[in-house]
Every structure is written in C-alpha cells, then in structure tokens.
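582 is the number that our numbering gives the last residue of the sequence shown; the numbers go up by one with no jumps.
Cβ coordinates follow ideal geometry from the N, Cα and C atoms, glycine included.
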Amino acid sequence: IGVSGGGIDALRGQPNVQSSTDYGIMFQYYPAYLSYPTHTDDTLAKWTHHNGTFRAKFLKNLLKAWFGDAANAGNDYLFNALPIRNGTHNDSLYVMFEKAIEGKMKCIYVCGQNPQMTNANLTIVNKGLKNLNTLIVQDVFVNETAAFWERPGDNPADIQTEVIFMPAASYLERCGTMTNSMRMIQWRMKGPDPTNDSRPDYWICDKLWKRIVELYKDSTDPKDNTIKLLTWNYGDPEANGEAYVENIMKECNGYDLKDGHLLRGIREIRDDGTTMAGMWIFTGVYGDGVHMAKRRGQEDNGNMGIYPNYAWVWPDNIHMLYNRASCDENGKPVRPDQALVWWDEAKGMWDGYDVPDVGDRTQGPNTPGGQKPFRMNGEGIGRLFAAEYSDVENGETRDHSYVPVDGPLPEFYEPVESPTKNMMNEGQKTEFNPCVIYPRVPELQKIGTPDEYPYVLCTSSLTEHWCSGTITRNIPYLNELVKEPFIEISEQLAAKIGVRGGDRVRVSTTRATIEIKAMVTKRAQPLTINGVETHMVWMPYNWGFKGLSTGPSGNYLTIDALDPNVQEQEFKACLVNVERV
C-alpha cells in the first residue's frame, strides 16, 4: 500500500462507476462519501459526533453549495432540511424492488441502468415493477426495464404501472467527464449532436428540476421550503452545454466566498461558512479557474507512470494514495529506484514525483503529522484489523473508523448456495455468513441444495456484449459476432448428461428455468471439492427480450443474497441443474 504497484485495482463492470459512487449513487452516502443522516444522527451536532469534525467541515461546504446564502452557522447550514433515513433499514437497489412488491415503493426513476436485466433473481424485479404507480426510465434505447410490460408471457392489460421513457443522448453525443478506478477525472469532448428527441442527461435533469421549482414556487407548506431554497445556477444547457457542465464542475470544486476564487485544494476548505464545495474530494479539479481534467501533459519525470500533468486525480492530484508509506521513518524512500515522494531537508517540505499524501507538507518525518502515512484513517496509520476507533482533538471526535458488520477480521464463508460445507464454519446457524439476511422474501428467495441442483453457475459479460446489452445488442456487427446466449460446460459434464455442442439444455434453479444452447469446451474443467467431483458452468447475462438480438436472461437464475456491508449481490455463484431438452 502506498508504493508503486501496490493498492487495489478494482475490476469494475462499468467505465464510469467510480464517478457514480463519488457522486453519491449509494443509498448510505451523500456525494464524496459523506454519510447520509439517519435517525441516530438527526442533528448536525450528532452527525459530527458520529462522523468527526474532519468530515463535518466537508458536509457544511456541501450544504453551502446546495443552499447558498440560506445555509449558515445560525441554522446549522440547513442540516435539518435534509431527509433522514432509518439507519436500521437496508435501502439498496435490491430491497427497493422488494418494497415495491410490498406497496411501500410507489415510483422509481431509472437513469442509465437496466435492472430488469442486471439484477439477480429477476422475478422479484419484475413483480416490483408491476406494483409501481409510476416508472421513469432515462436511457439511449428502450430496454427491458422500460418495456417490462412487454415481457413474453405477460398481459400488458393486467399491468397498471404508468411508464415514462425519456430518450437520452449517448456518451458520444454529450460532453462531460469520466472517472476511472484510479480516480483520474478526464474530460470527454462532445461528438455528433443527439439524434431525434434524445437529450443529454444534464439537459433532462435541468428541465425537470426547473419545472419542479415552478410547481412549488407559491407553496406555503414548510416541507416545501427545501425545494424553494436549493440553488440551481448552472446556466442554460440548451444554449451552451459545455459551459453548463463546467459550471457544475466548478461547484463541485468549490469557491472561496470571500474573494470568489476557485479553491486550489482541500486545504483551502474552511469550516466557518466562508467556502463552499459540492464535493470535497474534487476540490482542485478546477483550481484557480484551470480546467485540470482537460490537461494532456506527457511529462513523467520519475518514470513511474505518474504523468502528473495528464488530467487530474482526486484527492489533490495524488496518484498513489498513502504514498508516505513508501518512505521510512526518516522520510527516505524504502525503494530508492522506485521513489514516489520523500522529505526534502533543504526545502523543509515533502516533495516527489507524485503529490505527497500528507496532511501538512511542512511537517517533517520527526513530527506527529509526518508520522501518519494513512491520514484518511482515523488512526493515521495502517490497520491490521478493522476495529472501531475515534480520533479525538480538542475534546471532539476529529475522525472515526468503523468495524465491518461481520467483524474486524476477514473470514471466508461459502456462498449461500454452495455444493460443499466449510469445516471452519460448522455449527453455525447457517452454512453461509451469519450476518447475511437471506431469504428476505421467503416465497421468492428459496435456497437451492446440491442434491437437487448439483452444479455451480458463474455468470459474467462477454467481450462483445456489455452488461445488460442495452447498447451492444442494438449494434448489428456485435450481434453478428455473438448472436445468442449460451451455457459453457465441460466435456465431462456434457458426456454425463448426453449433450453435444449446440444442443439445447434446460438450466434450472429454485428461482427459474430457462432453455439455452450448450457450448462444450476443454476450458471448463470439473473441480474436486472435499473429495467430490464438482462441475462449474458459465453463462453470459447480456441478453433479454428487447433489442436487435434477443434471448433468455441468465439473471432469472442467479441468487440475490447480499453481503452485509455494502449489499453486493452474490450472482457469481449459485446452484443449478443442467439437463438435455
């Protein structure tokens, strides 16, 4: 960690998923990973106590960005205007559709996603969509979610959900930024104009919000004040889309409200209401009015692949997080031939080919601040285990570290559906992680057993088709390359069930059954697990009933068990049976 070649290279399924989480797409976070207020921290004082003054400063700046002059110290920066969620509830994507089945979720707005294809256990998604009052879908093509009422076997006359489709421009038809897994924010220029009635996402959101404000402008109901107080001053997306998007970037970067300059970095963010920053981690991307994401410098002085003048990396253009850890206690690189940063005694500051990841560059290695290489941890140092910890400063919590739901140390558990038992976990109430809540909807989430479903199914995308296929299955030449879904099985399993390549097979789980062609390969090989021969099969999940190429959806089969920390679904492993048709 903190050295060249260290850290995490997350294998993301989407090219801009880093940015989506940065901007607060997850139910438990506001933009820049600030905790969403819950019933246990329903005042700014309580929120600060639980999250620390370090993050409270950034929350105040976010509220200043949202509410402008209306947010001040006298009214807790309008913290009380924020909605409060029940912290004991799981409000994730999967539970959203379960709540729709219960009748608690009335309306869902889907933007650039296709849950009727990409969620596990699609039967629950379909039942949830049928029970909504309203569904809004914003996408480039009409996908399976927008057209769920057209699903083969369903009668549209029996479905009362009002569906509104908003045609969106593709990423090629609008400007903006992309943030990859190394947190690099790169500007993307607009290509051709959007076709027909399609519009950029920012255009659609702008028009929608301005109509909402118009609708509520004369309201005297106190609960509507939040809508009336929110600022929205990005310009006209119709007249100049690029300037509009850049104004959003500037708000994310933040301003000094005393002299109006765009903040140069996180250290300029203040706690007294005289700065505002919509996303503290992005502060500096537009510092002093320079659009850093447009930079394309090729300099790499240390030959370490840093390229500090190419685009911009959050936070503070630090490419290698925790790079102080690449130095010893005296500030000297542990690997001199791979030096990233170092303490420069002559300059009296930390220097390097990368931006030093330290709280104060003038605090040397012999100071308390210079000895904390993991400054974004509450402890300031690396953890051997994830215990709860509060860093106290001047009698107040400065930063807080949390323990994961399932304990401070990682432990391996078998999936909810597994062909074998883990001897390490015998005697527990479940064979899988005891902190996993499953089933949540018992009648729709039955757990398969290996005596009835003896094989293990793994799913993923193809090179030729991306995710739900909303885009790729509407591109003819990609459909020519791979025209239909299939299931890959080993030669041994093929011989066992009597099929050859191209034969149709029936694949079933406790959740659903589909028919699909088999592809027999040498690549798939049986495993021996606890002395038992176990076959793993694989299937792409890119097909559905819309688009130029259609086929059965593999995610009707997969299991929607969720891990207890971030609610990540378990659709990479479930039990199936495969039979010749």
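Apart from the five residues on each side of it in sequence, which residues of its chain come closer than 7 angstroms, Cβ to Cβ, to residue i?
| i | result |
| --- | --- |
| residue 35 | 56, 59, 60 and 63 |
| residue 350 | 362 and 363 |
| residue 65 | 72, 78, 274 and 277 |
| residue 123 | 117, 554, 556 and 557 |
| residue 227 | 82 |
| residue 244 | 236 |
| residue 526 | 491 |
| residue 414 | 423, 426, 433 and 434 |
| residue 549 | 474, 475, 477 and 480 |
| residue 25 | 31 and 32 |
| residue 530 | 420 and 421 |
| residue 194 | 174 |
Rounded C-beta distance between residue i and residue j? I'm assuming under 8 angstroms.
| i | j | result |
| --- | --- | --- |
| residue 311 | residue 298 | 5 angstroms |
| residue 182 | residue 10 | 7 angstroms |
| residue 389 | residue 404 | 5 angstroms |
| residue 140 | residue 169 | 6 angstroms |
| residue 128 | residue 109 | Not quite, the Cβ-Cβ distance comes to about 13 angstroms (not below 8 angstroms), so this is no contact. |
| residue 383 | residue 2 | 7 angstroms |
| residue 85 | residue 561 | Not confirmed; about 27 angstroms, so no contact. |
Can you tell which of the options has the C-alpha that lies nearest to the C-alpha of residue i?
| i | options | result |
| --- | --- | --- |
| residue 162 | 380, 106 and 318 | 106 |
| residue 323 | 279, 329 and 377 | 377 |
| residue 159 | 204, 174, 180 and 132 | 132 |
| residue 484 | 20, 54 and 543 | 543 |
| residue 523 | 348, 539, 300 and 468 | 539 |
| residue 147 | 581, 580, 571 and 547 | 547 |
| residue 438 | 567, 27, 144 and 394 | 567 |
| residue 268 | 471, 44, 525 and 358 | 358 |
| residue 8 | 342, 418 and 326 | 326 |
| residue 475 | 145, 26, 185 and 392 | 145 |
| residue 432 | 370, 442, 421 and 440 | 421 |
| residue 209 | 190, 411, 226 and 233 | 233 |
| residue 180 | 370, 396 and 18 | 18 |
| residue 204 | 223, 441, 516 and 246 | 246 |
| residue 187 | 257, 250 and 295 | 295 |
| residue 292 | 74, 178 and 6 | 178 |
| residue 252 | 429, 284 and 260 | 284 |
| residue 368 | 407, 47, 502 and 331 | 331 |
| residue 482 | 231, 465, 469 and 472 | 465 |
| residue 96 | 551, 459, 560 and 441 | 441 |
Which residues mark the beginning and the end of the beta strand (DSSP E) in which residue i is found?
| i | result |
| --- | --- |
| residue 436 | Counting along the chain, residue 436 falls outside any beta strand (DSSP E), and DSSP gives it neither H nor E. |
| residue 160 | Note, residue 160: premise wrong, no beta strand (DSSP E); not H, not E. |
| residue 1 | The chain is shown from 2 up to 582; residue 1 falls before or after that span and cannot be answered. |
| residue 343 | 342-345 |
| residue 136 | 135-140 |
| residue 109 | 108-112 |
Can you name the residues that DSSP bridges to residue i?
| i | result |
| --- | --- |
| residue 256 | 263 and 277 |
| residue 311 | 297 |
| residue 424 | Looking at the DSSP assignment, residue 424 forms no beta bridge with any residue, so it has no partner. |
| residue 461 | 541 |
| residue 518 | 487 and 505 |
| residue 186 | 180 and 313 |
| residue 31 | 35 |
| residue 381 | 375 |
| residue 1 | Outside the shown range of the chain (2 to 582) lies residue 1, about which nothing can therefore be said. |
| residue 392 | 400 |
| residue 167 | 139 |
Start and end of the alpha helix (DSSP H) containing residue i?
| i | result |
| --- | --- |
| residue 229 | 226-230 |
| residue 592 | Residue 592 falls outside the range modelled here, since the chain spans only 2 to 582, and no answer is possible. |
| residue 495 | 492-498 |
| residue 558 | Careful: residue 558 lies outside any alpha helix (DSSP H) and carries neither H nor E. |
| residue 52 | 45-52 |
| residue 79 | Looking at the DSSP string, residue 79 is not in any alpha helix (DSSP H), and its letter there is neither H nor E. |
| residue 350 | From DSSP, residue 350 is part of no alpha helix (DSSP H) but of the beta strand (DSSP E) over 350-353. |
| residue 206 | 202-217 |
| residue 444 | Residue 444 -> no alpha helix (DSSP H), and no H or E assigned at all. |
| residue 221 | Segment: none, residue 221 is in no alpha helix (DSSP H) and carries neither H nor E. |
| residue 534 | No alpha helix (DSSP H) holds residue 534; the beta strand (DSSP E) holding it covers 533-535. |
| residue 94 | 94-103 |
| residue 119 | 116-119 |
Kindly list the residues whose CB is nearer than 6 angstroms to the CB of residue i, restricted to its own chain and excluding five residues on each side of it in sequence; keep chain order.
| i | result |
| --- | --- |
| residue 495 | 521 |
| residue 33 | 280, 281 and 282 |
| residue 578 | 454 and 509 |
| residue 499 | 581 |
| residue 74 | 274 |
Taking 8 angstroms as the limit between beta carbons, can you name the residues of its chain near residue i, skipping five residues before and five after?
| i | result |
| --- | --- |
| residue 51 | 36, 41, 42, 398 and 401 |
| residue 393 | 399 |
| residue 242 | 175, 176, 191, 201, 203 and 204 |
| residue 314 | 183, 184, 185, 186 and 320 |
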